[in-house]
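K.L.:
Quick mapping for you: the protein sequence lines, in order, are chains A and B. Mind the numbering: the first sequence is residues 114 to 229 in the numbering used here, read in order. Mind the numbering: the second sequence is residues 8 to 198 in the numbering used here, read in order. By construction, the Cβ of each residue, glycine as well, lies at the ideal position given by its N, Cα and C atoms. Fair warning: this is a prediction, and the values are worked out from it, not measured in the lab.
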Amino acid sequence: MRETEYGLQGRLAPPLANGELVFEAPWQGRVFGMARSLCESGLYSWDEFRQRLIKSIALWELANPDAQDSYEYYDLFLTAFENLLADKDLLGGAVLSGLIAELTTRPHGHDHEHEH
Amino acid sequence: MSETTEQAIRAEAIELLLREKGLVSEAQIDGIIQQYNARTGPLNGAYLVARAWADAAFKAALLQDGTRAMEPFNFSGGEVQKLVVKENTPQTHNLVVCTLCSCYPWAVLGLPPRWYKDPAYRSRVVKEPRKVLGEFGVNLPDSSLVKVWDSSAEIRYMVLPQRPSGSEGMSEAELAELVTRDSMIGVELLD
């Protein structure tokens, strides 16, 4: 896992050539990869995802009418992806929140590798 | 950072569950990420631009029907339902945005830059395109016309930048080297 994360950063080098970060953290790339993979497997159309992304962006903009800062794009991308998974019943909600709780309380340092 | 960590954990949990269910594999996800970086990247668009500079007939075909003109290139993956290419000239400067979300011609330009998704870029570029262009270092004469093209799920726009002076006699491969992603979005002039 760790090697993959680092390798992933290395492969981001071409888009970084113009001085832009494409993914700020590995999880953003993972979410992007998952969303595209499931679409390519035919579990939903890209437009179904896109509609939810539009909605999550619109909701953010409604909630932050005077914001000078931009939203975190991949936060909203993740929200859209989670909503789509829920709508398609691809994940059990209870199972997900249980696993999140479990991962959150695991011993300190375990998630270190995902932050690089 | 705590928010990022929370998102990282959510993403990790989702991935674990999806993998457990056999809906996705680690290799698949890696493959997609690689595809949109290594194989698609801005270079595909650069090939189209270089060919258009070198070959007037191809340029005419590209401007007439971008989707059809790029077919022989066999660019894999990506989201180009309908590619429309807009040519920059000394009189007209074209600029691409998606005001609704962040529609972008991935298959030719790779992943969008971060600023492309910013609400600031998306809204301001329509209201004050010259000012936004100025912030990118693109200062156009008042006499030139600026056209802003709003992408959608159905139509993705790409800019055909003006060929830089001094590039006469270059091969197509050399020309492609000159083409940047930003010039194909319309926020950079090549010279």
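Would you please state the rounded distance, in angstroms, between the beta carbons of Val115 of chain B and Asn51 of chain B? I believe it to be under 8 Å.
P.N.:
Reading the second sequence from its first residue, position 108 is the one you call residue 115 of chain B. Reading the second sequence from its first residue, position 44 is the one you call residue 51 of chain B. About 5 Å; that satisfies the 8 Å criterion.
K.L.:
Mind checking which residues open and close the beta strand (DSSP E) that includes Tyr164 of chain B?
P.N.:
Position 157 of the second sequence holds residue 164 of chain B. Where Tyr164 of chain B is concerned, the enclosing beta strand (DSSP E) stretches over Arg163 to Leu167.
K.L.:
Pop quiz: Asp160 of chain A and Ala160 of chain B are said to be a contact at Cβ under 8 Å. What is the actual Cβ separation, rounded to whole angstroms?
P.N.:
Here residue 160 of chain A corresponds to residue number 47 of the first sequence, with the count starting at 1. Here residue 160 of chain B corresponds to residue number 153 of the second sequence, with the count starting at 1. That belief holds up - the Cβ atoms of Asp160 of chain A and Ala160 of chain B are roughly 6 Å apart, short of 8 Å.
K.L.:
Where does Phe82 of chain B land, buried or exposed, given buried means 16+ other C-beta within 10 angstroms?
P.N.:
The residue given as residue 82 of chain B occupies position 75 in the second sequence. Burial call: buried.
K.L.:
Which runs of the alpha helix (DSSP H) fall wholly inside the region 154-182 of chain A and span at least 4 residues, in chain order?
P.N.:
Here the runs fully enclosed are 159-176.
K.L.:
Would you report the Cα separation of Phe190 of chain A and Met165 of chain B, rounded to the nearest angstrom?
P.N.:
Walking along the first sequence from the start, residue 190 of chain A turns up at place 77. Walking along the second sequence from the start, residue 165 of chain B turns up at place 158. Cα to Cα, Phe190 of chain A sits roughly 24 Å from Met165 of chain B.
K.L.:
Compare the C-beta of Thr217 of chain A with all C-beta atoms of chain B and state if any pair is closer than 8 Å.
P.N.:
Taking the first sequence and counting its residues from 1, the one referred to as residue 217 of chain A is at position 104. Chain B, which has a Cβ nearer than 8 Å to the Cβ of Thr217 of chain A, makes this yes.
K.L.:
For a contact meaning CB atoms closer than 7 Å, what does Gly142 of chain A contact in chain B?
P.N.:
If you number the first sequence from 1, residue 142 of chain A lands on position 29. Simply Ile40.
K.L.:
I'd like to know if Glu174 of chain A contacts chain B, where contact means its C-beta is closer than 8 Å to some C-beta of that chain.
P.N.:
Locating residue 174 of chain A in the first sequence gives position 61, where the first residue counts as 1. Chain B contact via Cβ: present.
K.L.:
Quick one: which chain B residues come within Cβ less than 9 Å of Asp160 of chain A?
P.N.:
Translated into the one-based positions of the first sequence, residue 160 of chain A becomes position 47. Within 9 Å Cβ-Cβ: Ala160.
K.L.:
Looking only at C-alpha atoms, which of B:Glu22, B:Tyr128, B:Pro171 and B:Ser158 sits nearest to Asp182 of chain A?
P.N.:
Along the first sequence, read from residue 1 onward, the residue named residue 182 of chain A stands at position 69. With distances taken between Cα atoms, Asp182 of chain A lies closest to B:Tyr128.
K.L.:
Decide if Asp189 of chain B is buried, meaning its Cβ has at least 16 other Cβ atoms within 10 Å, or exposed.
P.N.:
For this step, residue 189 of chain B is matched to residue 182 along the second sequence. So Asp189 of chain B counts as buried.
K.L.:
Can you give me the start and stop residues for the beta strand (DSSP E) that Lys93 of chain B sits inside?
P.N.:
Mapped onto the second sequence, residue 93 of chain B falls at position 86. Where Lys93 of chain B is concerned, the enclosing beta strand (DSSP E) stretches over Leu90 to Glu94.
K.L.:
Quick one: list the residues of chain A neighbouring Ile36 of chain B, beta-carbon separation under 7 Å, in chain order.
P.N.:
As a first step, residue 36 of chain B is located in the second sequence; it is residue number 29 there, counting from the start. Within 7 Å Cβ-Cβ: Arg143, Gly146, Met147 and Ser150.
K.L.:
Closer than 7 Å between beta carbons: that is the criterion. Which residues of the region 119-140 of chain B meet it against chain A?
P.N.:
Per Cβ criterion, the list reads Pro120, Arg121, Lys124, Asp125, Pro126 and Ala127.
K.L.:
Glu195 of chain A: buried (16+ other C-beta within 10 angstroms of its C-beta) or exposed?
P.N.:
Your numbering for residue 195 of chain A matches position 82 in the first sequence. The residue in question, Glu195 of chain A, is buried, as its Cβ has 16 or more Cβ neighbours within 10 Å.
K.L.:
Taking 8 Å as the threshold, find out whether the region 97-113 of chain B comes into contact with the region 166-185 of chain B through three or more Cβ pairs.
P.N.:
The region 97-113 of chain B, when compared against the region 166-185 of chain B, does touch it at the 8 Å Cβ threshold.
K.L.:
Would a C-beta distance cut-off of 8 Å place Pro171 of chain B and Leu197 of chain B closer than the cut-off?
P.N.:
Counting from one through the second sequence, the residue named residue 171 of chain B turns up at place 164. Counting from one through the second sequence, the residue named residue 197 of chain B turns up at place 190. Yes. Within cutoff.
K.L.:
Quick check on Thr192 of chain A: buried or exposed, where buried means 16 or more other Cβ atoms within 10 Å of its Cβ?
P.N.:
Taking the first sequence and counting its residues from 1, the one referred to as residue 192 of chain A is at position 79. It counts as buried.
K.L.:
What does Gln14 of chain B reach in chain A if we use C-beta pairs closer than 9 Å?
P.N.:
Looking up residue 14 of chain B in the second sequence gives position 7. Residues of chain A passing the Cβ test: Ala138, Trp140, Gln141, Val144, Glu185, Tyr187, Asp188 and Leu191.
K.L.:
Determine the chain A residues that contact Leu70 of chain B at a beta-carbon separation under 7 Å, and present them in chain order.
P.N.:
By one-based count along the second sequence, residue 70 of chain B stands at place 63. Chain A residues near Leu70 of chain B: none, gap ~25 Å exceeds 7 Å.
K.L.:
Examine chain A for any beta-carbon lying closer than 8 Å to the beta-carbon of Cys105 of chain B, and answer yes or no.
P.N.:
Numbered from 1 along the second sequence, position 98 holds the residue referred to as residue 105 of chain B. Judged by the 8 Å Cβ criterion, Cys105 of chain B is not in contact with chain A.
K.L.:
If you measure from the beta carbon of Ile192 of chain B to each beta carbon in chain A, is any gap under 8 Å?
P.N.:
Counting from 1 along the second sequence, the entry for residue 192 of chain B is found at position 185. So, not an interface residue.
K.L.:
Quick one: which residues of the region 191-207 of chain A get their C-beta closer than 9 Å to a C-beta of chain B? List them in chain order.
P.N.:
Against chain B - using a Cβ distance shorter than 9 Å - the residues of the region 191-207 of chain A are Leu191, Phe194, Glu195, Leu198, Leu203, Leu204 and Gly205.
K.L.:
Does the beta-carbon distance from Leu185 of chain B to Ser178 of chain B come in below 8 Å?
P.N.:
Indexing the second sequence from 1 puts residue 185 of chain B at position 178. Indexing the second sequence from 1 puts residue 178 of chain B at position 171. No.
K.L.:
In chain order, what residues of the same chain lie with their CB nearer than 6 Å to the CB of Gly193 of chain B, ignoring the 5 residues before and after it?
P.N.:
Along the second sequence, read from residue 1 onward, the residue named residue 193 of chain B stands at position 186. The residues are Asn101, Leu102, Val103 and Val166.
K.L.:
Determine whether the Cβ of Ala20 of chain B lies closer than 8 Å to any Cβ atom of chain A.
P.N.:
Position 13 of the second sequence, counted from the start, is the residue given in the question as residue 20 of chain B. Yes, its Cβ sits closer than 8 Å to a Cβ of chain A.
K.L.:
Say whether chain B places a C-beta atom closer than 8 Å to the C-beta of Arg235 of chain A.
P.N.:
What the structure shows of chain A is the stretch from 114 to 229, and residue 235 of chain A is not part of that stretch, so it cannot be assessed.
K.L.:
At what residues does the alpha helix (DSSP H) containing Val115 of chain B begin and finish?
P.N.:
Here residue 115 of chain B corresponds to residue number 108 of the second sequence, with the count starting at 1. Trp113 to Leu116 is the span of the alpha helix (DSSP H), which, as asked, contains Val115 of chain B.
K.L.:
Taking the alpha helix (DSSP H) that Asp188 of chain A falls in, what are its first and last residues?
P.N.:
Within the first sequence, numbered from 1, the residue matching residue 188 of chain A stands at position 75. Note, Asp188 of chain A: alpha helix (DSSP H), Tyr186 to Asp200.
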